[in-house]
Amino acid sequence: MNPEGILLNIQKHVSLNEEEKAHLDTLFAIESFAKQHTILEQGRLCRKLFYVEKGSLRAFNGNQYGKESTIMFAIKDWWITDMYAFTNQTKALLSIETLEHCLLRSISFDVLEHLLLTMPKMERLFRILFQKAYVREQLRVLDNISLSTEERYLQFLSKYPQIAKKVTQKQIASYLGVTPEFLSSVKRK
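Take this note's numbering: the final residue in the sequence shown is number 315, and no numbers are missing along the way.
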């Protein structure tokens with residue numbers, strides 16, 4: 127796998143010299159997963175943060191009744207993990223599964239912590255990424271309490287057309303917090 131994808135992503139936020147690029151390339155492992163592979167299982171220790179070089183994934187929570195609530199999707203050039211569990215090194219609240227064949231770059235918690243201590247640019251990068259993720263989730267919560275399902279669905283299609291093409295209606299409904307049947311009725315309007 128070519129490291130250019132992840133390095134280009136990083137360089138959107140911080141500048142890297144050639145030595146730093148080479149060093150980072152050694153820290154992020156390359157992993158390949160088949161479609162519908164669980165890369166993180168709810169209840170297991172969350173040890174890795176992933177960057178998506180190719181493919182798409184879904185993070186979801188399953189309750190004791192078998193209901194799944196999709197928390198996020200990730201496509202090429204996005205990052206994904208169970209941030210709560212990764213940061214606190216606890217059991218995952220989420221499962222993460224591949225929606226298609228995926229090529230991922232991963233970094234373990236311990237390696238990332240060492241990197242953040244020894245390379246201030248990377249601390250800046252992850253601060254920026256986490257701030258953006260927090261803002262995105264805050265806006266999502268506000269949308270969930272202020273917009274109708276139809277408005278949220280149309281907004282999802284507008285914001286994430288590339289994701290809408292890759293996921294099922296059931297997964298979109300799970301992300302929106304409605305049943306697939308209700309989403310169907312919204313789409314028919």
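In this text, a Cβ means the ideal position worked out from N, Cα and C, and glycines have one as well.
Query, Result
"Round the Cβ separation of residue 231 and residue 156 to the nearest angstrom and send it over; I've been treating them as touching at under 8 angstroms.", "6 angstroms"
"If you draw a straight line from the alpha carbon of residue 256 to that of residue 207, how long is it in whole angstroms?", "12 angstroms"
"Within this structure, are the beta carbons of residue 292 and residue 223 separated by less than 8 angstroms?", "no"
"Just the Cα atoms here: how many angstroms apart are residue 204 and residue 311?", "31 angstroms"
"Would you list the one or two residues that DSSP bridges to residue 198?", "185"
"Please specify which runs of the alpha helix (DSSP H), each continuous and at least 4 residues long, are wholly inside the segment 129–154, giving them in chain order.", "130–137 and 144–153"
"Could you tell me which uninterrupted alpha helix (DSSP H) segments, each at least 4 residues in length, are contained entirely in the segment 217–246, listed from first to last along the chain?", "235–244"
"Taking residue 154 as the reference, which of 258, 295 and 241 has the closest Cα?", "241"
"State the Cα-Cα distance for the pair residue 296 and residue 175, rounded to the nearest angstrom.", "26 angstroms"
"With burial defined as no fewer than 16 other Cβ atoms inside 10 Å of the residue's Cβ, what is the status of residue 195: buried or exposed?", "exposed"
"Rounded to the nearest angstrom, how far is the Cβ of residue 219 from that of residue 168, given a contact under 8 angstroms?", "7 angstroms"
"Run through DSSP, which three-state label would residue 299 get?", "helix"
"Could you check which residue in 190, 193 and 198 has the C-alpha nearest to that of residue 262?", "198"
"Looking at the unbroken alpha helix (DSSP H) that takes in residue 213, where does it start and where does it end?", "209–214"
"Kindly list the residues whose CB is nearer than 7 angstroms to the CB of residue 127, restricted to its own chain and excluding five residues on each side of it in sequence; keep chain order.", "Residue placement at residue 127 cannot be trusted, given a pLDDT of 44 that sits under 50; the coordinates are not used to answer."
"Would you call residue 135 buried or exposed, if buried means 16 or more other Cβ atoms sit within 10 Å of its Cβ?", "buried"
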